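Taking the numbering used here, I'd label the letters of the sequence shown as residues 84 to 384. All C-beta atoms in this analysis are idealised placements derived from N, C-alpha and C, irrespective of residue type, glycine included. Note that the structure is a prediction, hence the values are computed from the model and not measured. A short write-up of the structure that comes next.
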Amino acid sequence: MTTHHFYGADHFILYLDGGPTILKDFEGGNVKGEIETAGTGTGSGDLPSKNIAALKFEPIVLHAGISMGKSLREWVMGTLDQINLRKSGYVVACSVDCQATAFRHFDNALITEITIPRLDATRKDSAFFSIKINPEEITFKDGDKSVLAGVINTRNKQWLCSNFRMRLGDLPCERVSKIDAFTIKQHAMLETSGDFRVSGKEITKLEIPNLKVTFAEADIKPWAAWFDEFIVKGRNGQENELTGVIEFLDPSHSEVLGSVDLRQVGIFSLSVEKPEAGVDKISHYVAELYVEKMSINLLNV
C-alpha cells in the first residue's frame with residue numbers, strides 16, 4: 084500500500100451500492116499495525132521482542148447533509164431499527180476541478196455512531212449528520228482523474244441548525260430554542276479470525292442517548308408539573324412516559340425533511356439555564372430527558 088493524498092481534498096463523494104452522496108467532510112479510515120510484545124526482558128541481555136500481530140482499520144466518520152443518497156439513508160434508518168446492515172463502498176477524494184485524486188475502499192462496515200447536530204434557533208449555519216462506520220477492511224487506490232463535476236454540482240436541499248421543531252406529549256414545545264447534539268451508539272465486538280489481516284465485528288447492543296432541551300421561561304409551569312409528578316411524587320412508570328418527535332424542516336419551515344421519533348420519554352432533571360453575563364433575568368430552562376427508543380426517518384430530498 085502506498086501513501087495517498089486524501090485529507091487535503093476539496094470534495095468527498097461516498098459511493099454505496101452505486102449511488103453517490105456528497106460529503107461535507109471525511110475523517111479517519113487509516114490503516115495501522117498492532118504491536119505484540121513477547122518476552123519479559125528481565126534476564127541479562129534478554130530484551131522483549133516485538134512484531135506486528137494484526138492490522139487495525141480505523142473507523143471512518145462521514146459528515147453528510149439531509150440530502151444523502153438512498154443507500155446511506157436506508158443504512159442510517161435501518162441501524163436504529165436494529166437491522167444490522169453491513170455495507171461495502173468507497174469514498175472518492177476530488178480536487179478543486181472535480182477530478183478524482185484518491186479512493187478509499189471499505190468492506191463489511193457497520194454503523195457504530197450517528198450524531199444529530201446541535202439544533203439552535205439562533206444559528207444560521209448548515210446542519211450535518213456525523214456517521215461513524217467501522218469496516219472490517221480498508222484499501223487505498225490512486226485517483227484515476229475522472230471528472231465528477233456532474234455529481235459534485237448536484238443541487239441538494241438545505242437544512243439549517245435553526246430549522247427544527249419538537250413535540251412531546253401535551254407539553255408546550257413551540258418555544259423550544261435548543262436541543263443539544265446527541266449520539267446514538269451501536270457497540271460492536273471484535274471477533275478475530277484465522278487471517279490476521281481481518282477481524283470480524285459483531286453488534287452487542289444499541290445505546291440510546293439522553294436529550295438536553297432548552298425552552299422559554301413562559302412555558303415552565305406545565306414542564307415543572309410533569310417533573311413534580313414524575314420525579315418528586317414518583318409516578319414515573321411507563322404509563323407516565325411520553326411520546327414525541329424532533330422534526331427537521333426546510334428554510335421555509337413548511338416542509339419536513341426528516342425526523343427522530345421518540346418513544347418512552349421521561350424527565351430526570353429540570354434547571355435554570357445559566358444566564359449570559361450581565362443578564363439578571365431568567366429567560367430559559369433546561370430539561371434533561373431519557374429516551375428508551377429512537378427511530379430516524381429521512382425523506383428522499
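Spatial neighbours of residue i in its chain, beta-carbon cut-off 8 angstroms, leaving aside the 5 residues before and after
i	result
Lys71	Residue 71 falls outside the range modelled here, since the chain spans only 84 to 384, and no answer is possible.
Arg318	Glu312
Ser366	Ala299, Glu300, Glu356 and Pro358
Residue nearest to residue i in terms of C-alpha spacing, selected from the options
i	options	result
Lys107	Pro131, Val144, Gly116 and Asn113	Val144
Leu465	His188, Thr162, Trp158 and Met249	The requested residue 465 is not part of the displayed model; the chain covers only 84 to 384.
Leu163	Glu322, Asn134, Lys288 and Arg318	Lys288
Pro255	Ala299, Leu231 and Ser213	Ala299
Phe265	Leu99, Glu371 and Trp309	Glu371
Lys170	Gly101, Trp306 and Val369	Gly101
Val339	Ile149, Lys295 and Ile96	Ile149
Phe95	Ala147, Val355, Glu324 and Thr326	Ala147
Gly327	Ile350, Gly320 and Ile314	Ile350
Thr198	Phe212, Arg187, Ala192 and Ala185	Phe212
Phe223	Gln347, Leu193, Phe186 and Ser352	Phe186
Glu330	Val234, Phe247 and Asn293	Phe247
Lys139	Glu196, Pro131, Leu130 and Lys115	Lys115
Cys181	Gln321, Gly252 and Ile105	Ile105
Gly320	Glu157, Leu97, Asp253 and Glu375	Glu375
Val315	Asn191, Ser352 and Lys304	Ser352
Thr205	Asn191, Trp158, Asp253 and Thr297	Thr297
Gly252	Phe109, Pro305 and Thr195	Pro305
Tyr195	Ser209, Glu322 and Trp158	The question names Tyr, but residue 195 in the sequence shown is Thr. Measuring from the Cα of Thr195, the nearest candidate turns out to be Trp158.
Asn191	Phe89, Asn293 and Leu168	Leu168
Tyr373	Phe310, Asn293 and Glu322	Asn293
Sequence-distant residues of the same chain with beta carbon closer than 6 angstroms to residue i, five excluded per side
i	result
Asp203	Cys244 and Lys261
Glu136	Before going on, a small fix: residue 136 reads as Ala here, not Glu. Once the five neighbours on either side are set aside, the close Cβ partners of Ala136 are Glu117 and Glu119.
Asp225	none
Phe189	Pro218 and Ile221
Met272	Glu285 and Thr287
Asp263	Arg201 and Lys295
Ala99	Note on residue identity: the sequence assigns Leu, not Ala, to residue 99. Only Ser154, Leu155, Lys170 and Gly172 meet the Cβ criterion.
Ser354	Val369
Lys302	Looking at the sequence itself, residue 302 is Asp, so the reference to Lys does not match. Around Asp302: Pro255 and Arg258.
Ser391	A question about residue 391 goes unanswered here, because the residues of the chain that appear run from 84 up to 384.
Environment of residue i [buried if 16+ CB atoms lie within 10 Å]
i	result
Gly91	exposed
Gln269	buried
Pro103	buried
Ile379	buried
Pro200	buried
Ile408	Missing from the structure shown is residue 408; the chain here goes from 84 to 384 and no further.
Pro142	buried
Lys215	buried
Ser154	buried
Ala336	In the sequence under discussion, the amino acid at residue 336 is His, which differs from the Ala named in the question. Its Cβ having fewer than 16 others within 10 Å, His336 is exposed.
Glu324	buried
Gly122	exposed
Arg258	exposed
Thr86	Legend: pLDDT at Thr86 = 46, less than 50; position of this residue unreliable, no value from coordinates given.
Gly152	buried
Ala386	This structure leaves residue 386 out entirely; the chain is present only between 84 and 384.
Val348	buried
Leu193	buried
Met84	In this prediction, Met84 scores a pLDDT of 48, lower than 50, which makes its location untrustworthy; the coordinate-derived value is nonetheless stated afterwards. Under this definition Met84 is an exposed residue.
Leu130	exposed
Leu97	buried
Cβ shell of residue i (< 7 angstroms), same chain only, five flanking positions each side left out
i	result
Met377	Leu163, Ile267, Ile291, Val343, Asp344 and Leu345
Ala183	Val175, Cys177, Gly226, Asp227, Lys228, Ser229 and Leu231
Val179	Asp93
Lys240	Ile149, Ser150, Asp333, Leu340 and Val384
Asn134	Glu119
Met160	Ile379, Asn380 and Leu381
Gly111	Glu141, Pro142, Ile143 and Val144
Asn113	Glu141
9 angstroms Cβ cutoff, residue i in contact with chain D
i	result
Phe265	Among the chains in the structure shown there is no chain D, since it carries only a single protein chain.
Threshold first: 3 residues or longer. Then list the beta strand (DSSP E) segments lying entirely within the segment 273-338, N to C.
282-290, 294-299 and 325-332
What runs of the beta strand (DSSP E), each 3 residues or longer, lie entirely inside the segment 200-274?
212-217, 220-225, 247-251 and 259-262
Alpha helix (DSSP H) runs contained entirely in the segment 136-212, provided each spans 4 or more residues:
153-163
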